[in-house]
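Under the working numbering, the first residue of the sequence shown carries the number -7, and numbering increases by one thereafter. A quick write-up on the structure given underneath.
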Amino acid sequence: MDSTISSLSLSDIFEINVVKEIEPALKKQFITSSFTIFDFGEQIFVKNWELFFCVAIGLWVISVIDFVIEYSTSNAYSPVLDVADSCRTGAATNVILGLALGYKAVIILIFTIVDVVGNSHLIRERTDTLDATRITTDLLLWFLWRSLVPL
(Lines of atoms letter the chains of each structure in order from A and count residues from 1; the text may use other names and numbers.)
(Lines give C-alpha, C1' and ligand atoms only; values in the text may rest on other atoms or scores of the structure.)
Protein backbone atom coordinates (compact mmCIF):
# COMPACT_ATOMS: atom_id res chain seq x y z
CA MET A 1 0.00 0.00 0.00
CA ASP A 2 2.82 2.37 0.86
CA SER A 3 4.48 1.71 -2.50
CA THR A 4 1.31 2.58 -4.38
CA ILE A 5 0.88 5.81 -2.46
CA SER A 6 4.53 6.75 -2.97
CA SER A 7 4.36 5.97 -6.69
CA LEU A 8 1.26 8.08 -7.14
CA SER A 9 2.72 10.99 -5.20
CA LEU A 10 6.09 10.72 -6.91
CA SER A 11 4.49 10.83 -10.34
CA ASP A 12 3.41 14.37 -9.47
CA ILE A 13 6.83 15.35 -8.10
CA PHE A 14 8.87 14.01 -11.03
CA GLU A 15 6.92 15.44 -13.93
CA ILE A 16 7.75 14.37 -17.47
CA ASN A 17 7.62 16.97 -20.22
CA VAL A 18 9.94 15.45 -22.81
CA VAL A 19 10.48 11.83 -23.85
CA LYS A 20 14.11 11.99 -22.64
CA GLU A 21 12.88 12.62 -19.09
CA ILE A 22 10.99 9.31 -18.82
CA GLU A 23 13.95 7.11 -17.91
CA PRO A 24 15.43 9.39 -15.19
CA ALA A 25 11.98 9.91 -13.67
CA LEU A 26 11.33 6.16 -13.54
CA LYS A 27 14.74 5.63 -11.95
CA LYS A 28 14.00 8.21 -9.24
CA GLN A 29 10.61 6.64 -8.59
CA PHE A 30 12.19 3.18 -8.35
CA ILE A 31 14.79 4.34 -5.83
CA THR A 32 12.24 6.13 -3.69
CA SER A 33 9.65 3.37 -3.81
CA SER A 34 12.23 0.74 -2.85
CA PHE A 35 12.41 2.44 0.54
CA THR A 36 8.66 2.29 1.00
CA ILE A 37 7.99 -1.14 -0.49
CA PHE A 38 8.73 -2.61 2.90
CA ASP A 39 6.25 -1.28 5.45
CA PHE A 40 8.54 0.05 8.16
CA GLY A 41 5.63 0.92 10.46
CA GLU A 42 4.71 -2.72 11.02
CA GLN A 43 8.22 -3.89 11.85
CA ILE A 44 7.67 -3.19 15.55
CA PHE A 45 5.74 -6.46 15.83
CA VAL A 46 8.36 -8.59 14.09
CA LYS A 47 10.12 -10.95 16.46
CA ASN A 48 12.35 -12.62 13.89
CA TRP A 49 14.71 -9.88 12.71
CA GLU A 50 16.55 -12.28 10.42
CA LEU A 51 13.48 -12.27 8.19
CA PHE A 52 13.54 -8.48 8.07
CA PHE A 53 17.21 -8.44 7.13
CA CYS A 54 16.64 -11.07 4.42
CA VAL A 55 13.89 -8.99 2.85
CA ALA A 56 15.79 -5.71 3.21
CA ILE A 57 18.99 -7.14 1.73
CA GLY A 58 16.97 -8.79 -1.03
CA LEU A 59 15.43 -5.44 -1.95
CA TRP A 60 18.83 -3.79 -2.13
CA VAL A 61 20.35 -6.64 -4.14
CA ILE A 62 17.49 -6.40 -6.64
CA SER A 63 18.14 -2.65 -6.87
CA VAL A 64 21.83 -3.25 -7.59
CA ILE A 65 21.02 -5.91 -10.19
CA ASP A 66 18.52 -3.54 -11.80
CA PHE A 67 21.11 -0.78 -12.08
CA VAL A 68 23.75 -3.14 -13.50
CA ILE A 69 21.31 -4.42 -16.12
CA GLU A 70 20.21 -0.89 -16.94
CA TYR A 71 23.83 0.24 -17.33
CA SER A 72 24.62 -2.69 -19.59
CA THR A 73 21.56 -2.44 -21.83
CA SER A 74 20.37 1.18 -21.81
CA ASN A 75 21.20 3.40 -24.74
CA ALA A 76 22.04 6.20 -22.31
CA TYR A 77 25.28 4.60 -21.05
CA SER A 78 28.64 3.85 -22.61
CA PRO A 79 28.49 0.08 -23.33
CA VAL A 80 25.59 0.37 -25.76
CA LEU A 81 26.88 3.65 -27.16
CA ASP A 82 30.31 2.09 -27.76
CA VAL A 83 28.78 -0.85 -29.63
CA ALA A 84 26.65 1.52 -31.71
CA ASP A 85 29.72 3.64 -32.47
CA SER A 86 31.72 0.56 -33.50
CA CYS A 87 29.09 -0.20 -36.16
CA ARG A 88 30.39 2.76 -38.15
CA THR A 89 33.75 1.13 -38.80
CA GLY A 90 32.42 -2.24 -39.89
CA ALA A 91 31.04 -5.56 -38.81
CA ALA A 92 34.35 -6.97 -37.54
CA THR A 93 34.90 -4.24 -34.97
CA ASN A 94 31.29 -4.54 -33.90
CA VAL A 95 31.70 -8.29 -33.30
CA ILE A 96 35.00 -7.81 -31.46
CA LEU A 97 33.61 -5.12 -29.18
CA GLY A 98 30.46 -7.14 -28.54
CA LEU A 99 32.55 -10.14 -27.54
CA ALA A 100 34.73 -7.96 -25.32
CA LEU A 101 31.67 -6.60 -23.53
CA GLY A 102 30.31 -10.11 -23.14
CA TYR A 103 33.59 -11.32 -21.67
CA LYS A 104 33.60 -8.41 -19.25
CA ALA A 105 30.42 -9.83 -17.75
CA VAL A 106 32.10 -13.13 -16.88
CA ILE A 107 35.40 -11.81 -15.53
CA ILE A 108 34.48 -12.73 -11.93
CA LEU A 109 33.84 -16.31 -13.03
CA ILE A 110 37.19 -16.37 -14.82
CA PHE A 111 39.01 -15.20 -11.68
CA THR A 112 37.18 -17.87 -9.70
CA ILE A 113 38.34 -20.55 -12.13
CA VAL A 114 41.90 -19.22 -11.91
CA ASP A 115 41.71 -19.42 -8.13
CA VAL A 116 40.45 -23.00 -8.34
CA VAL A 117 43.28 -23.92 -10.71
CA GLY A 118 45.76 -22.37 -8.28
CA ASN A 119 44.42 -24.64 -5.55
CA SER A 120 44.02 -27.64 -7.84
CA HIS A 121 46.03 -30.01 -5.66
CA LEU A 122 43.57 -29.51 -2.79
CA ILE A 123 40.50 -29.61 -4.96
CA ARG A 124 41.70 -32.61 -6.95
CA GLU A 125 41.53 -34.80 -3.85
CA ARG A 126 37.88 -33.91 -3.33
CA THR A 127 36.81 -34.06 -6.95
CA ASP A 128 38.37 -37.45 -7.66
CA THR A 129 35.78 -39.09 -5.44
CA LEU A 130 32.98 -37.12 -7.06
CA ASP A 131 34.30 -37.95 -10.50
CA ALA A 132 34.39 -41.66 -9.67
CA THR A 133 30.83 -41.42 -8.38
CA ARG A 134 29.72 -39.65 -11.55
CA ILE A 135 31.28 -42.31 -13.74
CA THR A 136 29.60 -45.01 -11.68
CA THR A 137 26.27 -43.21 -12.00
CA ASP A 138 26.75 -42.87 -15.75
CA LEU A 139 27.50 -46.57 -16.07
CA LEU A 140 24.43 -47.51 -14.04
CA LEU A 141 22.24 -45.24 -16.16
CA TRP A 142 23.75 -46.69 -19.34
CA PHE A 143 23.06 -50.26 -18.21
CA LEU A 144 19.53 -49.26 -17.20
CA TRP A 145 18.95 -47.64 -20.57
CA ARG A 146 20.34 -50.65 -22.44
CA SER A 147 18.09 -52.98 -20.47
CA LEU A 148 14.98 -50.91 -21.22
CA VAL A 149 15.65 -50.16 -24.88
CA PRO A 150 16.19 -53.27 -27.02
CA LEU A 151 18.64 -53.15 -29.91
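Heads up, the beta-carbon is just placed ideally off N, CA and C, and yes, glycines get one too. Given the structure is predicted, the values throughout are model-derived calculations rather than measurements.
Alpha carbon of ARG80 to alpha carbon of PRO71, nearest angstrom: 15 Å
Contact under 9 Å by Cβ, ILE78 with ASN67: Ile is not the amino acid found at residue 78; the sequence shown has Ser there. Result no, Cβ atoms of SER78 and ASN67 do not sit closer than 9 Å.
For ASP58 and VAL189, the rounded distance between their alpha carbons: Residue 189 is absent from the model: the chain starts at -7 and stops at 143.
Contact check, SER187 vs ILE105, beta carbons under 9 Å: As shown, the chain starts at -7 and ends at 143. That puts residue 187 outside it, with no answer to give.
When GLY82, VAL10, VAL75 and TRP41 are compared against ALA92, the one with the closest alpha-carbon: VAL75
Close Cβ partners of SER64 (< 7 Å) along its chain, the five nearest in sequence each way excluded: PRO71
Limits of the alpha helix (DSSP H) - the one that ASN86 falls within: 83 to 97
Rounded separation between ALA17 and ILE8 - CA only: 7 Å
Whole-angstrom distance between GLY94 and ASN40, CA atom to CA atom: 41 Å
Alpha helix (DSSP H) segment containing ILE61, residue limits: 41 to 65
Three-state secondary structure (DSSP) of ILE8: coil
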